[in-house]
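Take a look at the structure set out below.
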Amino acid sequence: MPVAVTMPALSPTMTEGTLAKWLVAEGDRVSPGDVIAEIETDKATMEVEAVDEGIVASLAVPEGAEGIEVNATILWLRGEGESADAVTVAEPPPPVVELPPAVVKAPPAAPARPKPEAAKPALEPDYRGETVEMTVREALRDAMAEEMRRDETVFVMGEEVAEYEGAYKVTQGLLAEFGARRVRDTPITEHGFAGLGVGAAFGGLRPVVEFMTFNFAMQAIDQIVNSAAKTLYMSGGQMGCPIVFRGPNGAASRVAAQHSQCYASWYAHVPGMIVVSPFSAADAKGLLKAAIRNPNPVIFLENEILYGQRGEVPSDADYTVPIGRAKVLRPGRDVTIVAFSRMCATALEAADTLAGEGIEAEVIDLRTLRPLDRETVAASIRKTNRIVSVEEGWPVAGIGSEIAAIAMEDAFDWLDAPVARVTGEDVPMPYAANLEALALPDAARIAAAARAVCYA
Amino acid sequence: MSRQPSKKRGGASAKRNGRAAANGAAPDSGQLLRWYRDMLLIRRFEERAGQMYGMGLIGGFCHLYIGQEAVVVGIQACLGERDSVVTGYRDHGHMLAAGMDARGVMAELTGREGGYSRGKGGSMHMFSREKNFFGGHGIVAAQVPIGVGLGFSHRYRGEDGVSVVYFGDGAANQGQVYESLNLAALWELPVLFVIENNKYGMGTAVSRAAAGSGLHARGGGFGIPGRLVDGMDVRAVHAAASEAVAEARSGKPVILEMETYRYRGHSMSDPAKYRTREEVNRMRRDRDPIERLRHVLESEGHAEEDALKAIDAEIREVVADAARFAEESPEPNPSELHTDVLLEA
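Line order of the protein sequences matches chains P and U.
For the first sequence, this note's numbering gives the first residue as 69, with consecutive numbering after it.
For the second sequence, this note's numbering gives the first residue as 211, with consecutive numbering after it.
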């Protein structure tokens, strides 16, 4: 029986890759452990090793092929004495694979490079300059690089940010351009390096501290809250702390409870703190630049699943996005849906569904969670009279709770239905693919909530 | 409304004679007298603060430095204007020794507009950019990585400033201290770690809290040298610090463990059941850093009794003036409630 070698998933969120190089040819004999190919993902280039023994019967994809989905056959192996012809004729059906939710939620009929819908309304309305298409990952990197060129006091520090070029490759190329003085690999010591960053900020520098994920920032939360956020107040205004804590936040894919948590409401609770969570590539760049220039501590919540999403991004090095302003991603008259980060894509998907039913949803990307843009939210309620809040995080004392309070305080008389919240389930994140999918909001739940507040 | 405390009055005279001392020269009469004055200022200031606490003029937590004066005075005398300092919550002495104004410190204790933080920080949270004093931190050991970050900022800018980080024997058991020692050694940062071992972390004797062969040895695994110093002898402190500051300045972090003693409770509400009255009295009688220096000044002929009396009188007036200011300074305007949360972008 011929054996299929398939495109491996090289990270929890990888859905496709490029076959950069074949290291074997038809007729070659391979043993387990032999390197057979180099696979390039949007994060890195990695080698693929053979698991089975055999002779290369055929290469199923050519060298340089892009967008090969995980689990697609890339090579056929035959046993000693088996005919090479049998292989190509008797191609078995592709294996049935339970895709992780991140894949399920990708835009339908995704081409090799799916574009998020947000790519279209991504720019600030007054921007008239050049744009270039890039990923969120590249946009974040460019933001840091541009600010480091502009301001000598800006430096980047964190685990694997320099020589490894970022655990998620967000800091790619920074070490080469700026050197080890300004791009610092730290030991795995979140509490220590977060505190060091706070001290450096007190000392007049502008640190950008990367947490490999915000889950690990809990080790450092005392320094973030007690030292970074409160000192300006406790010093009567003397001791500002211009620091950015950034990294991926929220659920990635199949990494279970300790690595899948949304910290938006945790940090948004704290006076003295700014909390930003961009969705589009353009906002990722513009808001990170604004965060680095901001004289206050900024929590910058990224999303691992968005890193590979592409969008048009202004190339003007002076382009920033104002902190504290939400953005209407899609105007609508019937119901308001507010979301942030990755949930914007899910909300837009729900809005598409609703449009097919005659319900025009207005989708708002909150972008900044503290200070929250109450006016944009309230103005939308005054127009639609109904609101659904969407977040990945837990429901209790979540961002949706705050949205509900704003609706009551600023738009009570305009509400025609109670505020609806669509949130992550009130459980630690499960590992099993089906349970994980159930634990996170999806477009169907958002659409159902929107119908409910529309009494449709 | 005066937002800044007056600059002239009452700050420590610490003229920072680092250079001479770093060269190994014995302190001269002028230096010894300044140290005497600075220690006495802290002692009298803290006594008055304790009294004002009892009168209800100072609220919350108030941790007095009485007994430990030689530590901060001896070390600050080795520092220059380019150096930075950070400490924990037993911080009044550090602020005075860093040259901060006694009026501003006392008015912060009373929670008044004239305080360094305009009444919003209190005893544990005061800062002075002008004097490179970076607090005043209320969470045990949080100042340690912050101090390493200050050292990082000196090094990053290519300046030769040193960051001095003060922390207590209690803080020495916190995990972030070891993360900080590792980072400081790994990145060769100009940091001097001063462990003020006053024998008790709140009510727990060091022997009940700390394993191993002494807090000064805690940097050994990171290649950070540590030395044990008689923290009740300002000359010993100064000699050890002169050497250590020079090493730290060259990018080799150092630990100095100061053997010292606090006469008062951990805070004002300390029942003091963990030690005997006799132990405290013995320390005061036999080891007091101010009496010890006074004896040196007189017996070695550095100062006549009249000169010392003049200093005593001056300090009494400085402290009385600070207390008056702190009582008379108005409470912060209610509008202050919402200011200083964020800086304008």
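For every residue, glycine included, the Cβ atom is placed at its ideal position computed from N, Cα and C.
Range of the contiguous beta strand (DSSP E) that encloses P/Leu127
122 to 127
Starting from the beta carbon of U/Val551, find every residue of chain P whose beta carbon is closer than 8 Å, and list them in chain order.
The contacting residues are Leu300, Tyr301, Pro339, Gly340.
Helix, strand or coil for U/Tyr376, going by three-state DSSP, please let me know.
strand
Can you tell me whether DSSP reads U/Asp437 as helix, strand or coil?
In the sequence on display, residue 437 of chain U carries Arg and not Asp. When DSSP states are grouped into helix, strand and coil, U/Arg437 belongs to the strand group.
In chain U, which residues lie less than 8 Å from P/Pro255 when you measure between Cβ atoms?
Glu389, Asn392, Leu393, Leu396
With H, G and I counted as helix, E and B as strand and the rest as coil, what does DSSP make of P/Lys89?
strand
Mind checking whether P/Phe368 and P/Val312 have CB atoms under 8 Å apart?
yes
Cross-chain neighbours of U/Val358 in chain P, by beta carbon under 7 Å:
Leu264, Gly267
Give me the DSSP bridge partner(s) of U/Leu466.
U/Val404, U/Arg437
From the beta carbon of P/Asp539, is the nearest beta carbon of chain U less than 8 Å away?
This structure gives no information on residue 539 of chain P, because the portion of chain P shown stretches from 69 to 524.
Chain P residues whose Cβ lies nearer than 8 Å to that of U/Ala352:
Below the 8 Å Cβ cutoff, chain P contributes Gly263, Asp290, Gln291, Asn294, Ser295 as neighbours of U/Ala352, in chain order.
Do we get a CB-CB distance below 8 Å when we pair U/Lys330 with the residues of chain P?
Taking 8 Å as the threshold, the shortest C-beta distance from U/Lys330 to chain P falls below it.
Could you spell out the range, first to last residue, of the alpha helix (DSSP H) harbouring P/Asp494?
No alpha helix (DSSP H) holds P/Asp494; DSSP gives it neither H nor E.
Measuring CA to CA, which of U/Asn342, U/Gly309, U/Asp516, U/His426 is closest to U/Val296?
Looking at the Cα atoms, U/Asn342 is the closest of the given residues.
For U/Met249, which of U/Ala287, U/Ala536, U/Cys272 has the nearest alpha-carbon?
U/Ala287
Could you compute how far the alpha carbon of P/Arg252 sits from the alpha carbon of U/Val444?
39 Å
What distance in whole Å lies between the Cβ atoms of P/Ile360 and P/Glu215, which are believed to be in contact at a cut-off of 8 Å?
4 Å
Output needed for P/Ser383: all residues of its chain with C-beta closer than 6 Å, excluding positions within five of it in sequence on either side, in chain order.
Glu198, Val200, listed in sequence order.
Where P/Phe313 falls: helix, strand or coil (DSSP):
strand
Closer than 8 Å, CB to CB, is U/Tyr376 near chain P or not?
no
Please report the distance separating the alpha-carbon of U/Glu406 from that of U/Glu546.
35 Å
From what residue to what residue does the beta strand (DSSP E) around P/Lys395 run?
395 to 398
Flag this pair as yes or no: are the beta carbons of U/Ala454 and U/Leu466 separated by less than 8 Å?
Between U/Ala454 and U/Leu466, the CB-CB gap stays under 8 Å.
Which two residues bound the contiguous beta strand (DSSP E) that contains P/Met202?
199 to 203
Proximal residues to P/Glu372 (C-beta, below 7 Å), its chain only, five neighbours per side dropped:
Thr81, Tyr236, Pro316, Ala320
Could you please give the first and the last residue of the uninterrupted alpha helix (DSSP H) stretch that includes P/Ala429?
Per DSSP, P/Ala429 belongs to no alpha helix (DSSP H); it is in the beta strand (DSSP E), 429 to 433.
Separation of U/Ala419 from U/Arg322, as counted between CA atoms:
37 Å
Identify which residue in U/Ser423, U/Ala517, U/Tyr376, U/Ala532 has its Cα closest to the Cα of U/Arg247.
For the options U/Ser423, U/Ala517, U/Tyr376, U/Ala532, the alpha carbon positioned closest to that of U/Arg247 is the one of U/Ala517.
Interface partners of P/Ile391 on chain U, CB under 8 Å
Ala555
Bridge partners - U/Ala259, DSSP secondary structure assignment
As DSSP reads the structure, U/Ala259 sits in no beta bridge.
Beta strand (DSSP E) containing P/Glu115: first to last residue?
From DSSP, the beta strand (DSSP E) with P/Glu115 extends over 113 to 117.
So what's P/Ile136 in DSSP terms, helix, strand or just coil?
strand
Using 8 Å as the threshold, is the C-beta distance between P/Gly445 and P/Ile427 below it?
For the sequence presented, residue 445 of chain P should be read as Val rather than Gly. Not in contact: P/Val445 and P/Ile427 (Cβ atoms no closer than 8 Å).
Whole angstroms is fine: what's the gap from P/Arg435's alpha carbon to P/Ile391's?
Those two C-alpha atoms are separated by around 8 Å.
Name the chain U residues that come within less than 8 Å of P/Met307, Cβ to Cβ?
Phe337, Arg339, Phe344, Gly345
P/Ala319 - partner residues in DSSP beta bridges:
DSSP lists no bridge partner for P/Ala319.
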